[in-house]
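Novice: Each protein sequence line maps, in turn, to chains A and B.
Going by this note's numbering, 62 is the number at position 62 of the first sequence; the sequence numbering is gapless.
Going by this note's numbering, 169 is the number at position 169 of the second sequence; the sequence numbering is gapless.
Here it is: the structure, laid out below.
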Amino acid sequence: MHELGITENIVNIALAKAGEAQAGKVIQINLVIGEMSGFVPDCIQFYFDTLSKDTIAQGAVLHFELVPAQLRCRNCSTIFQPQDTLWTCPKCRGQSIEISKGRELYIESMEVE
Amino acid sequence: MKKIEVIQNILEANETIASRNQQLLDKHKVFAINIMSSPGAGKTSLILQTLAKLKSRLNVAVIEGDVASTVDAEKVQSEAKAVVQINTRNMPESCSLMAAMIESALKDMPLDNIDLILIENVGNLICPSEFTLGEHKRVVISSLPEGDDKPTKYPLIFIDADAVIVNKMDLLPYVDFDIAAFRHSVEGLNPKAELFQVSCKTKEGIGRWCSWVLEQIETNDTKR
Numbered sequence: 001m002h003e004l005g006i007t008e009n010i011v012n013i014a015l016a017k018a019g020e021a022q023a024g025k026v027i028q029i030n031l032v033i034g035e036m037s038g039f040v041p042d043c044i045q046f047y048f049d050t051l052s053k054d055t056i057a058q059g060a061v062l063h064f065e066l067v068p069a070q071l072r073c074r075n076c077s078t079i080f081q082p083q084d085t086l087w088t089c090p091k092c093r094g095q096s097i098e099i100s101k102g103r104e105l106y107i108e109s110m111e112v113e
Numbered sequence: 001m002k003k004i005e006v007i008q009n010i011l012e013a014n015e016t017i018a019s020r021n022q023q024l025l026d027k028h029k030v031f032a033i034n035i036m037s038s039p040g041a042g043k044t045s046l047i048l049q050t051l052a053k054l055k056s057r058l059n060v061a062v063i064e065g066d067v068a069s070t071v072d073a074e075k076v077q078s079e080a081k082a083v084v085q086i087n088t089r090n091m092p093e094s095c096s097l098m099a100a101m102i103e104s105a106l107k108d109m110p111l112d113n114i115d116l117i118l119i120e121n122v123g124n125l126i127c128p129s130e131f132t133l134g135e136h137k138r139v140v141i142s143s144l145p146e147g148d149d150k151p152t153k154y155p156l157i158f159i160d161a162d163a164v165i166v167n168k169m170d171l172l173p174y175v176d177f178d179i180a181a182f183r184h185s186v187e188g189l190n191p192k193a194e195l196f197q198v199s200c201k202t203k204e205g206i207g208r209w210c211s212w213v214l215e216q217i218e219t220n221d222t223k224r
């Protein structure tokens, strides 16, 4: 729902890093996005194509590494993946749960020339 | 072609402005609370009740975030020390307040004459969970007609909350809302969150909520 602002940040970071590396063109941007973060890759790519127009990042491919949600039981420390919206530990049936993976949202690396 | 390592948080731009906001607030000894909920859960009503209860002890200002209109700002105008309305309709994103919007709102506020800012976020349980504003505490309101499954459906906003308020308690006889189940889900997601049962209509629970607000301000004052 708020991919436009996010994509603006992606373009800004990519252009700054490409500038630092004295690159002439951004070929690919590798992003890591957690399943829980609520961002939609297709939507980010759509905005990216518009926002990167007439910059050295125009035409760059966005590659998304999606990180599945991983939960941790606070009672018995079991790590598990949520099966549905009800978060229950498969081992002790506890419902005191924290997210250990799945909220990531960062640029991992870029390919430039 | 060469590969360059980046490892940069995409939300960093927002977070940098948010921490600048908090520094500014701390410099002027202002405490800020970010109030989030779905539309109609009672953010404005809670702000009005909080103003009524605390305005004799504190100078309270309000930042209103809405997609459009100044309806909410008008409602709180007479009670608050200062009100700034942010309309997100013309912003890059309309679904949530963001740190940069608060930064410009703070420029219009007499910070030296304010003790507490209540920030009413855009009615939405998804987007506001991703953006910090520079607030000291994050509060989520759930109201009885919405059902008791909101923490299960929208966990992120509850995970990061410092307090969860159940509003419209006066409707309990008329709706199927299992308070114990709601409490159980919130405690599972976020054992540290303080839970308040209130009715902005009958004023039930408003006193306890306002005492909590005062305690948080006091604790924060001793830290800075």
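No residue lacks a Cβ here, since even glycine has one placed at the ideal position from N, Cα and C.
(1) Could you check where the beta strand (DSSP E) with Arg269(B) kicks off and where it finishes?
(2) Just the chain B side, please: which residues come within less than 9 Å of Ser77(A) by C-beta, in chain order?
(3) Let's test the definition: count the other Cβ atoms within 10 Å of the Cβ of Ile79(A) and tell me whether it reaches 16, buried, or not, exposed.
(4) Would you verify that the beta carbon of Val61(A) is, or is not, closer than 9 Å to some beta carbon of chain B?
(5) Pick out whichever of Leu189(B), Ala80(B), Pro39(B) and Arg57(B) has its Cα sitting closest to the Cα of Ala161(B).
(6) If we ignore side chains and look at the alpha-carbon of each, how far apart do Thr85(A) and Val30(B) end up?
(7) Taking Cβ positions only, does Ala57(A) come closer than 9 Å to chain B?
(8) Which residues in the same chain as Glu104(A) place their Cβ atom closer than 6 Å to its Cβ, once the five residues preceding and following it in sequence are excluded?
(9) If the cut is a Cβ gap below 7 Å, which residues of chain B does Ser100(A) touch?
(10) Check whether the region 77-91 of chain B touches the region 46-55 of chain B, taking contact to mean three or more Cβ pairs, one atom from each stretch, closer than 8 Å.
(11) Determine the contact status of Ile119(B) and Ile102(B), defining contact as a CB-CB distance below 9 Å.
(12) For the region 123-139 of chain B against the region 28-47 of chain B, do three or more pairs of beta-carbon atoms, one drawn from each stretch, fall closer than 8 Å, so that the two count as touching?
(13) Could you pull the DSSP bridge partners for Ile165(B) from this structure?
(14) Hey, is Phe131(B)'s beta-carbon within less than 9 Å of any beta-carbon in chain A?
(15) What three-state label does DSSP hand Asn30(A) in the structure shown?
(16) So which residues of chain A does Met17(B) contact, with C-beta pairs closer than 7 Å?
(17) Using only the alpha-carbon positions, how far apart do Ile13(A) and Asp170(B) sit?
(18) Closest to Ile47(B) by C-alpha separation, out of Gln23(B), Val213(B) and Thr222(B), would be which residue?
(19) Is the beta carbon of Ser199(B) closer than 9 Å to that of Lys153(B)?
(20) Okay, do the region 175-182 of chain B and the region 88-98 of chain A touch, 3+ Cβ pairs below 8 Å being the bar?
(21) Beta carbon of Ile29(A), beta carbon of Ala69(A): below 9 Å?
(22) Does DSSP put Asn75(A) in a helix, in a strand, or in coil?
(23) Closer than 6 Å by C-beta to Gln58(A): which residues in its own chain qualify, once you throw out the five before and the five after it? Chain order, please.
(24) Checking contacts by CB at 9 Å: is Asn87(B) closer than that to chain A?
(25) Would the beta-carbon of Ile7(B) fall within 9 Å of that of Ser77(A)?
(26) With respect to the alpha helix (DSSP H) encompassing Asn220(B), which residues constitute its N-terminal and C-terminal limits?
(27) In the structure shown, what three-state DSSP assignment does Phe48(A) receive?
(28) Taking only beta-carbon positions, decide if Leu31(A) is within less than 9 Å of chain B.
(29) Evaluate Lys192(B) with the Cβ neighbour count: other Cβ atoms within 10 Å of its Cβ, from every protein chain shown; 16 or more gives buried, anything less gives exposed.
(30) According to the neighbour-count rule (16 or more other Cβ atoms, all chains shown, within 10 Å of its Cβ), is Ser19(B) buried or exposed?
(31) Out of Ile10(B), Leu116(B) and Met1(B), which has the shortest C-alpha to C-alpha gap to Ala61(B)?
(32) For Val112(A), go through chain B and note every residue whose CB falls closer than 9 Å to its CB, in chain order.
(33) Show which residues of chain A have a CB atom less than 9 Å away from the CB atom of Gly123(B).
Specialist: This is what the structure gives:
(1) Residue 269(B) is absent from the structure shown; chain B starts at 1 and stops at 224.
(2) Contact annotation for Ser77(A) against chain B: no contact, minimum CB-CB distance about 15 Å [criterion: below 9 Å].
(3) So Ile79(A) ends up on the exposed side.
(4) No - not a single Cβ of chain B is within 9 Å of the one on Val61(A).
(5) Of the candidates Leu189(B), Ala80(B), Pro39(B) and Arg57(B), the one whose C-alpha sits nearest the C-alpha of Ala161(B) is Leu189(B).
(6) When rounded, the distance between both Cα atoms is 38 Å.
(7) By this cut-off, Ala57(A) is not an interface position.
(8) So the qualifying residues of the chain are Val32, Gly34 and Val67.
(9) Neighbours of Ser100(A) in chain B, taken as residues at a C-beta separation under 7 Å, are lacking, since the least C-beta distance is about 12 Å.
(10) Enough Cβ pairs lie closer than 8 Å, so yes.
(11) It is a contact, given that the beta carbons lie within the stated cut-off.
(12) Yes: the two stretches touch, three or more of their Cβ pairs being nearer than 8 Å.
(13) Ile141(B) and Phe196(B), per the DSSP bridge assignment.
(14) Yes, Phe131(B) counts as interfacial toward chain A.
(15) Looking at Asn30(A) - three-state DSSP - the assignment turns out to be strand.
(16) According to the sequence displayed, residue 17(B) carries Ile and not Met. Simply none; closest approach about 12 Å.
(17) Using only the alpha carbons, I get a separation of about 50 Å.
(18) Distance from the Cα of Ile47(B) is smallest, within the candidate group Gln23(B), Val213(B) and Thr222(B), for Val213(B).
(19) In this structure, Ser199(B) does not lie closer than 9 Å to Lys153(B) by Cβ.
(20) Taking 8 Å as the limit for Cβ pairs, the verdict is that the region 88-98 of chain A does not touch the region 175-182 of chain B.
(21) No; because the gap between Cβ atoms is not below 9 Å, this pair is not in contact.
(22) In the structure shown, Asn75(A) adopts coil according to DSSP, grouped into three states.
(23) Counting only Cβ-Cβ distances below 6 Å, and skipping sequence neighbours, we find Ser52.
(24) Taking CB atoms only, Asn87(B) has no neighbour in chain A less than 9 Å away.
(25) No. Outside cutoff.
(26) That run of the alpha helix (DSSP H) goes Ile206 to Lys223.
(27) Secondary structure of Phe48(A) (DSSP, three-state): helix.
(28) It does; some Cβ of chain B falls within 9 Å.
(29) Within 10 angstroms of the beta-carbon of Lys192(B) lie fewer than 16 other beta-carbons, which makes it exposed.
(30) Of the residues assessed, Ser19(B) falls on the exposed side of the cut-off, its CB having fewer than 16 other CB atoms within 10 angstroms.
(31) Per the C-alpha coordinates, the member of Ile10(B), Leu116(B) and Met1(B) positioned closest to Ala61(B) is Leu116(B).
(32) Result: Met1, Lys2, Lys3 and Ile4.
(33) Near Gly123(B) there are no residues of chain A at all, since even the closest Cβ is about 13 Å away, more than 9 Å.
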